[in-house]
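Below is one structure, written out as structure tokens; the observations come after it.
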Amino acid sequence: MRIVIDGQKVPVNVRVSRDLLMTLKAMSQTLHWRITYDTANELVYIYSPNYVAPGSLDRPAPVIDEPESQRLLGKIICLDAGHGGNDPGAIGPSGTMEKDNTLAITLLLRDMLENNGATVVLTRDSDRNVSLPDASDGEELAARVEIAKDSNADIFISIHNDSFTGNTAVGTTTFHYGDPQSIKLAALVQKNLVTELGTKDHSSRFASFYVIRYTKMTAILIQAAFISNPEEEVLLSSIDGRTKIAESIFQGIVNFYKV
1 MRIVIDGQKV PVNVRVSRDL LMTLKAMSQT LHWRITYDTA NELVYIYSPN YVAPGSLDRP
61 APVIDEPESQ RLLGKIICLD AGHGGNDPGA IGPSGTMEKD NTLAITLLLR DMLENNGATV
121 VLTRDSDRNV SLPDASDGEE LAARVEIAKD SNADIFISIH NDSFTGNTAV GTTTFHYGDP
181 QSIKLAALVQ KNLVTELGTK DHSSRFASFY VIRYTKMTAI LIQAAFISNP EEEVLLSSID
241 GRTKIAESIF QGIVNFYKV
């Protein structure tokens, strides 16, 4: 993420977190300046009332960690990027779409897992429906479950963005369907996510979402942050924020397989 203050680019890239975004917002309010998020270009503009904001800056490239674990060798992990195709999911204040965020996070996580020896199966690897374009919601969810079953996956992880009618709801939640292994994985992933992102901890908890109810392996569903909140939308749509989310999920999986 890059910060531009009255037209002057801060000379270093900073790792995005909710605490940083809220600090910048509070600073701007105190100074009676304006703050604008350019989520598409991963910029935060802070400028005085009469200042004309510049165009855009170069986007930072994503960075994937080097291999760090042998615990994932032989493991089959099914990743489900929520929504896709004609279903955009939730849409943020600046127009970013949940389906794009979930797919980007999923692809980053896939690379991390494969670099560490896991076999990764994706329910989708592009902006498309998993089932047929005119399929019902139930058919679409069933298609995702079938992919996980057919792959004999050890773990199933469904990735989503949370949303609310207002823009003040914030935080991260990881859901499970109640079996001991899923409870364990959900708790580990949730802990890493809130630590790295600085988001409000809504804990890991039971839910009866279709894709974790009908999968027979260890399964969790992640609501990484609220796309309906302007600051958390930046977390979800920026390369830095997406990488942090993927890294947190990856580390939770590695910790899950600790002996």
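Residue numbers are given in the UniProt record's numbering: position 142 of the sequence shown equals residue 142, and the series is strictly consecutive. By construction, the Cβ of each residue, glycine as well, lies at the ideal position given by its N, Cα and C atoms.
The alpha-carbon separation between residue 245 and residue 107 amounts to approximately 12 angstroms.
Between residue 193 and residue 209, the C-beta gap is not smaller than 7 angstroms, which leaves the two residues out of contact. Taking residue 252 as reference, the option from 26, 230, 2, 181 with the minimal CA-CA separation is 181. Between residue 238 and residue 42 the beta-carbon gap is near 4 angstroms, inside 8 angstroms, which marks them as a contact. Straight through space, the alpha carbons of residue 197 and residue 153 are spaced by roughly 28 angstroms. Within the same chain, and ignoring the five residues on either side of residue 190 in sequence, the residues whose Cβ sits closer than 6 angstroms to its Cβ are 174, 204. In this structure, residue 172 lies near residue 199, with their beta-carbon atoms less than 7 angstroms apart. The Cβ neighbour count for residue 26, taken over all protein chains shown within 10 Å, is under 16; the residue is labelled exposed. Scanning the segment 196 to 231 from its first residue to its last, the whole alpha helix (DSSP H) runs of 4-plus residues come out as 210 to 213.
Per DSSP, residue 242 lies in no beta strand (DSSP E) segment; the continuous alpha helix (DSSP H) that holds it begins and ends at 239 to 256.
Close CB contacts of residue 227 within its chain, under the 6 angstroms cut and outside five residues either way in sequence, are with 90, 92, 98, 161, 163, 233, 236 (chain order).
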